[in-house]
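Working notes for the structure below.
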Amino acid sequence: MTEYKTIEEREEEITDDFSLFDSWEEKYEYIIDLGKKLAPLEEQYKQEENIIKGCQSTVWLVSDFKDGKVFYKADSDAVIVKGLVSMLIKVLSGHEPDKILNAKLDFIKDIGMMTHLAQTRSNGLLSMVKQIKNYALAYKSVKAA
Amino acid sequence: METLTAISPTFDVNAIRELFPVLNREVKNQLLVYLDNAATSQKPQVVIDALSHYYSNYNANIHRGIHTLAEEATAAYEATRNSVKEFINAPYSDEIIFTRGTTEGINLVAYTWGRKNINAGDEIIISTMEHHSNIVPWQILCEEKKAILKVIPINDDGELLMDDPIAIGYKQLLTPKTKLVSIVHASNALGTINPVKEIIDAAHKAGALVLVDGAQSSVHLDIDVQEMDCDFFAFSGHKVYGPTGAGALYGKKKILEEMPVFMGGGEMIKEVTFKKTTYAALPYKYEAGTPNIADTIVLKVALDFIKETGKKLIRNHENDLLKYATEQMQTVPGLRIIGNAKNKVSLISFVIKNIHPQDIGVLLDNQGIAVRTGHHCTQPLMERFGIPGTVRASFAMYNTKEEVDRLIKGLQKAIKMLA
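Pasting the structure below:
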């Protein structure tokens, strides 16, 4: 079990990694590498209901609620998207719903990936964040009930 | 014979590039390479200026006004109708109905002609390579009328199977029940130019009408609706160097006259009482409400620009680019072109082994190269090829071989990064 780090601390780790890069190539190689390293999602989760709408590529996202914390797993058929979702999971998985819901995710801007947050059909970072937060919201209401 | 007036008697791509201001801009610190022309073309300065000139000098609502501005705007608006008539060689300008674009043109036919003439058990034929805009309106109509939608299959090169008893080609699909054939002239996802003349002749023999989706063909090919003998032809202004939101639908006069109205409102009426409304004559019958005056007026400027540049010269240049790019792409490892028809407009769709098209698109964008990735609104076609989508590079009059070289280099770099 790795030690608990806050969302902000995890964001900072990624921002620190990116601060070493001078070129867009290095940034994307890092993301591609993350995408390749993300463990593939088990086949049973690759269902229609787990697909995030609004992405040009297929992105699957599943979540689990344990000990008051939300855990996420994801996969994609496009490697850059997979790298992006991998970063989101790295930052947001394993926290309480409220913390996930309140996360500002400034690191996306800090690492120069804002373009991927644009609301277009071709990239789904915005949809991914929304879906991640939707799960957190759902678990929050379960908890409250 | 096409007259060779403006710019130069030979095609000078550098002179042409200077007329398109956006081509000077940088994307990600590099000069933009714009290869998404099949989605929308860039606009020459004359088109941009004409929009500003309209709003600065004679903005007015058309047809009703008695003041000078309204007269000028009306005259300019109707001048575009005449330009469109010439652009597609229609016999009469009142056969030209202004629309927002191809999609609206197709829907207009589906909702008016279709609702009146399609009955239970009737058949409509489309093809595997249709854009969703030429699928969905017919599906809606067929569902409503309990009619049958039939689909012409294609071969692996992306060509229609015209006569194929085993795969059930076009000629086998045509029956006395066929009421309409709605077919794309040039495929946005494959580039294939379809044999529309042959399709139309066969349909007419079977007693069916034909709608030609000219969204992609109108910018590249000489359009002659009389020679084609199509019953309807729809295209979009923004793909022919004009503004967005201005397009046209051509229909044969006799058919348009008999069709019921589309939308009710101002402009399309002759007389309104609470008992009954009588409708205006063609083409106003189908143009309810204040239309997109500015963009429609400026569409003429775009069509004039094409005419002055010389469509044949443009086409030769684009075909050179297509040939060169097709050859150069053979050098890219793992690249497979989707759509190898003998007759193509200047676009190339491709996939790269084990790489998602979106990854290629993102990495090309970072090199200042704009392409389109995805299913190109042709999901059934992608399914036919068993792929989630393609990368598409589409060329216009202002693209160059140097830009093709940058695309190839960009691809090689992307593949290396993703490997």
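Residue numbers (the numbering used here), protein chains in the order written: chain A, 3 to 147; chain B, 886 to 1304.
Each residue gets a CB set at the ideal place from its N, CA and C atoms; glycine is no exception.
At the C-beta level, residue 1105 of chain B and residue 1200 of chain B come within 7 Å of one another. Distance from the CA of residue 1065 of chain B to the CA of residue 977 of chain B, rounded to the nearest whole angstrom, comes to 23 Å. Interface with chain A (7 Å Cβ-Cβ cutoff): residue 1244 of chain B is included. Under the Cβ distance rule, residue 62 of chain A does not count among the residues neighbouring chain B, no pair being separated by less than 7 Å. Identification of chain A residues near residue 1303 of chain B by a Cβ-Cβ cut-off of 7 Å yields 34, 81, ordered along the chain. Residue environment: residue 1261 of chain B is assigned as buried (16 or more neighbouring CB atoms within 10 Å of its CB, all protein chains considered). Per the DSSP secondary-structure output, residue 1134 of chain B pairs in a beta bridge with B:982, B:1119.
Within the same chain, 1162, 1173 come within 8 Å of residue 1149 of chain B by CB-CB distance, once the 5 residues on both sides are set aside. In this structure, the straight-line span from the alpha carbon of residue 1032 of chain B to that of residue 52 of chain A is close to 35 Å. Around residue 913 of chain B, the beta-carbon contacts reaching into chain A at under 8 Å are 26.
When 7 Å is used as the limit between beta carbons, residue 31 of chain A is near these residues of chain B: 1302, in chain order. The three-state reading of DSSP puts residue 1278 of chain B in strand, counting E and B together. When CB distances to chain A are screened at a threshold of 8 Å, the residues of the segment 1267-1291 of chain B falling below it are 1273, 1274, in chain order. Here DSSP, grouped into helix, strand and coil, assigns residue 23 of chain A to coil. In this model, residue 1212 of chain B and residue 1073 of chain B are separated by some 20 Å (Cα to Cα). Scanning its chain for C-beta atoms nearer than 8 Å, with the 5 sequence neighbours on each side dropped, one finds around residue 14 of chain A the residues 109, in chain order.
Annotated three-state conformation of residue 905 of chain B is coil, per DSSP.
If you look at residue 1012 of chain B, you'll find it in the beta strand (DSSP E) that goes 1008-1012. Counting C-beta pairs with one atom in each stretch, the segment 1172-1191 of chain B and the segment 1112-1132 of chain B have three or more that are closer than 8 Å, which means they touch. Distances from the alpha-carbon of residue 1139 of chain B to those of B:981, B:1209, B:1240 put B:981 closest. Ranked by how close their Cα comes to the Cα of residue 1224 of chain B, the residues B:1145, B:1267, B:1111 have B:1267 in first place. A straight-line Cα-Cα distance of about 21 Å links residue 997 of chain B and residue 1110 of chain B. One thing to note: residue 1116 of chain B has its Cβ within 7 Å of the Cβ of residue 1094 of chain B. By the C-beta criterion, the segment 130-147 of chain A is judged to be in contact with the segment 59-79 of chain A, since at least 3 inter-stretch pairs fall below 8 Å.
For residue 1295 of chain B, the closest C-alpha among the options B:1256, B:941, B:1043, B:1221 is that of B:1256.
A residue is called buried when at least 16 other Cβ atoms come within 10 angstroms of its Cβ; residue 916 of chain B does not meet this threshold and is exposed. Membership of residue 965 of chain B in the alpha helix (DSSP H) is indicated by the continuous run 953-972.
A Cβ-Cβ distance of about 5 Å is found for the pair residue 129 of chain A and residue 54 of chain A, placing them in contact under the 8 Å criterion. Under the three-state reduction of DSSP output, residue 1216 of chain B falls in the coil class, being neither helix nor strand. Between the alpha carbons of residue 1241 of chain B and residue 1056 of chain B lies a gap of roughly 37 Å. Residue pairing by DSSP places residue 915 of chain B opposite B:912 in a beta bridge.
Rounded to the nearest angstrom, the gap between the Cα atoms of residue 931 of chain B and residue 116 of chain A is 34 Å.
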